[in-house]
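Numbering (mature numbering (1 follows the signal peptide of the UniProt record, and there is no 0)), first residue to last: -24 to -1, 1 to 111. Take a look at the structure below.
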């Protein structure tokens, strides 16, 4: 009985430790992502993520941010021209391609946006996902 209890306790400790480690990595990505956002995104999407009315869409509370990771990554890598509808409003500003950002920077900034301004959008984006999409 004691052996089973010890094994169960050990397994629980490993699971909790792994979970904390993963959470720590996500938090680090979000922190780095805020820096990327400040440098490359904030001028158009504003510090509060609310964008510029009718020109640059909001990222805060944006239904668009719930799109698949590949769509979000492609907008950063390839940019966007034409109109875009976010939260039922049409935006006509073009977004230039940001392909010069590293895979880690793109993953980090998307993790930041997905976890900021009231968002808690599930799914962590990793540099490996960005790298695969870049090809």
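Cβ coordinates follow ideal geometry from the N, Cα and C atoms, glycine included. Note that the coordinates shown come from a computational prediction; the quantities given were computed from them, not determined experimentally.
Remark: fewer than three beta-carbon pairs, one from each stretch, lie closer than 8 Å, so the segment 45 to 55 and the segment 26 to 35 are not flagged as touching. Residue 63 is positioned such that its CB atom lies no closer than 8 Å to that of residue 45. Taking C-beta atoms as the reference points, residue 70 and residue 55 count as a pair closer than 8 Å.
Counting along the chain, no alpha helix (DSSP H) covers residue 68, and no H or E run does either. Contact between residue 68 and residue 59 holds: their C-beta atoms lie close to 5 Å from each other, under 8 Å. Leaving aside the five residues that flank residue 8 on each side, the residues in its chain whose CB is nearer than 7 Å to its CB run, in chain order, 84. Residue 31 sits in coil when the DSSP states are folded into three classes, being neither helix nor strand.
For residue 60, there is no enclosing alpha helix (DSSP H); the residue is found in the beta strand (DSSP E) stretching over 60 to 62.
In the DSSP annotation of this structure, the continuous segment of the alpha helix (DSSP H) that includes residue 52 starts and ends at 45 to 54. The Cβ-Cβ distance between residue 16 and residue 74 falls below 8 Å. Cα atoms of residue 86 and residue 111: separation of roughly 18 Å, rounded to the nearest angstrom.
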